[in-house]
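Residue numbers (the numbering used here): 56 to 536. Glycine included, each C-beta is placed from N, C-alpha and C at the ideal position. The structure appears right after this line, and notes come after that.
Structure follows, in structure tokens:
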């Protein structure tokens, strides 16, 4: 899979300031492509043939020879067997794009002096897509791989992992001048991994499928291209001349907000984790992140969810088994981050003609700008758990001040359904678990402070002021400072 990514990366490096016009296949065209692909590579690597392009009857043959990089590495650092060139085919299209096609396999064995060995195996891997040299990305592409394996052995630990099959697709669509929407989906089937060694002993991890969904709306691709190429052109410089320093600031300013929205969701189905304590499992485990760009009110969210967790038999006492949630979610977001303000401060104050563009105090000021008034706001978007005996949900927000640890406030709503079932369960098992009796008493006291919601819901609107005072549904607690 790493080799497939390298081939895709090589295709993405077909840099051009404007769309490539449809052209006849020719040696001159092949030389032009090769020069663009190798523009930022060291001359000795280019001369050794890391990337070559040749003209054929109806396509350009793109060849990537990774053994060149290995040969240039320090002698004896890594020994690899089975490394071979990879080939892809680029067919110019009438609208100025390229059709990209590749089909390959992988079977590599390697050793690290004194540190162990590794293997990579991909039985088949294919990619077929339309590459747009203006965007430097695919307008559409499909990729797949079968029988993927990896192993790594060191004196302290060994790891083996495999997928039965992997497939996915990517698309991009121009929404406005210099702006595109990008989406990518993929599925990985029959995943397994075994980790052996101290301190964990042996751990076996498995999942029937891994579903991945990533999208980015409103990506400012054109200015980001200019920014990347500017960095590559000046990467060896300790400092910039005044003209280039001004250009860098202009590029940084124009790139905001970089994108409008970014979301990523990964869902693993039928997950198992085998340990010396037994096998833990779940019907599904979900992870997600999302972000709304580099703005003056940036929000970064992340979440984790589990459906029907399954502990090993006998791990939980019988009186606790009924309380195991059938589903649980934890989704929060850090809101109101002034990332754009920090970037603008950098643009206004940095002196890129110096090796250290900012002073120590200016670096600290950027950190202060990110948190307006020193406050960090955490939104509780979905904290919930449900089982046959309870249904709990928490929402709201909390504000903390990292530089003032005693200063905080919160406005949170707690909703409980199946309240009577919860009390009955606690009282029924209080003889075996004395703490359940105390919990039952505490919940009954809380019920007296609750307000009624729809159905049988009990709701507590909890407010905590910066002075430490607590209100529940607008009423102060009877006993508090």
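Asked, Found
"Flag this pair as yes or no: are the beta carbons of residue 171 and residue 207 separated by less than 8 Å?", "yes"
"Can you tell me which of the three DSSP states residue 495 falls into?", "helix"
"When burial is assigned at 16 or more other CB atoms within 10 Å of the CB, is residue 61 buried or exposed?", "Any reading at residue 61 must be qualified, since the residue scores a pLDDT of 39, below 50, and its modelled position is unreliable; no value is offered."
"Tell me the DSSP secondary structure of residue 418 in three-state form.", "helix"
"Is the beta carbon of residue 468 closer than 8 Å to that of residue 514?", "yes"
"If we ignore side chains and look at the alpha-carbon of each, how far apart do residue 75 and residue 282 end up?", "At residue 75, the pLDDT of 41 sits below 50, so the modelled position is not reliable and the matter cannot be decided from this model."
"Could you pull the start and end residues of the alpha helix (DSSP H) that residue 301 belongs to?", "297-310"
"Starting from residue 289, trace the alpha helix (DSSP H) in both directions and tell me its first and last residue.", "276-289"
"From residue 154 to residue 295, what does the alpha carbon distance come to, in whole angstroms?", "39 Å"
"Do residue 178 and residue 199 have their C-beta atoms closer together than 8 Å?", "no"
"Helix, strand or coil for residue 241 per DSSP?", "strand"
"Under 8 Å, do residue 436 and residue 388 count as touching if we go by C-beta distance?", "yes"
"Entirely within the segment 414-471 and at least 4 residues each: give me those alpha helix (DSSP H) ranges in chain order.", "415-425"
"My output table needs one value for residue 85: the three-state DSSP class, helix, strand or coil.", "helix"
"Tell me whether residue 538 is buried or exposed, calling it buried when 16 or more other Cβ atoms sit within 10 Å of its Cβ.", "In this structure the chain extends from 56 to 536, so residue 538 is not present and cannot be described."
"Any Cβ of chain C within less than 8 Å of the Cβ of residue 363?", "Given the protein chain composition of this structure (a single chain), no chain C is represented."
"How is the alpha helix (DSSP H) around residue 231 delimited, first residue to last?", "Not the alpha helix (DSSP H): residue 231 falls in the beta strand (DSSP E), residues 212-231."
"Considering only their Cβ atoms, is the gap separating residue 421 from residue 304 smaller than 8 Å?", "no"
"Can you look up residue 124 in the DSSP assignment and give me helix, strand or coil?", "helix"
"Does the segment 334-344 come close enough to the segment 304-321 that 3 or more CB-CB pairs lie under 8 Å?", "yes"
"Can you check DSSP and say which residues form a bridge with residue 346?", "317, 355"
"Pull up the distance between the alpha-carbon of residue 245 and that of residue 169, whole angstroms please.", "33 Å"
"Given this structure, state the Cα-to-Cα distance separating residue 192 from residue 186, to the nearest angstrom.", "6 Å"
"Taking only the alpha-carbon atoms, compute the straight-line gap between residue 520 and residue 501 and give it to the nearest angstrom.", "20 Å"
"Between the alpha carbons of residue 486 and residue 376, how many angstroms are there, rounded?", "16 Å"
"For a test of the three-state rule: what should DSSP assign to residue 335, helix, strand or coil?", "strand"
"Quick one: give me the first and last residue of the alpha helix (DSSP H) that residue 98 is part of.", "98-102"
"Please work out which residues of its chain come closer than 6 Å, Cβ to Cβ, to residue 243, disregarding the five sequence neighbours upstream and downstream, and give them in chain order.", "218, 221, 265"
"Measuring straight from C-alpha to C-alpha, what distance separates residue 365 and residue 447?", "20 Å"
"Out of 357, 354, 276, state which residue places its alpha-carbon closest to the alpha-carbon of residue 194.", "276"
"Measure the alpha-carbon distance for residue 527 versus residue 306 and round it to whole angstroms.", "50 Å"
"For residue 361 and residue 337, which I take to be in contact (beta-carbon distance under 8 Å), what is that distance rounded to the nearest angstrom?", "5 Å"
"Please report the straight-line C-alpha distance between residue 470 and residue 483, rounded to a whole angstrom.", "23 Å"
"Using three-state DSSP, classify residue 521 as helix, strand or coil.", "coil"
"Does the Cβ of residue 82 have 16 or more other Cβ atoms within 10 Å, making it buried, or fewer, making it exposed?", "exposed"
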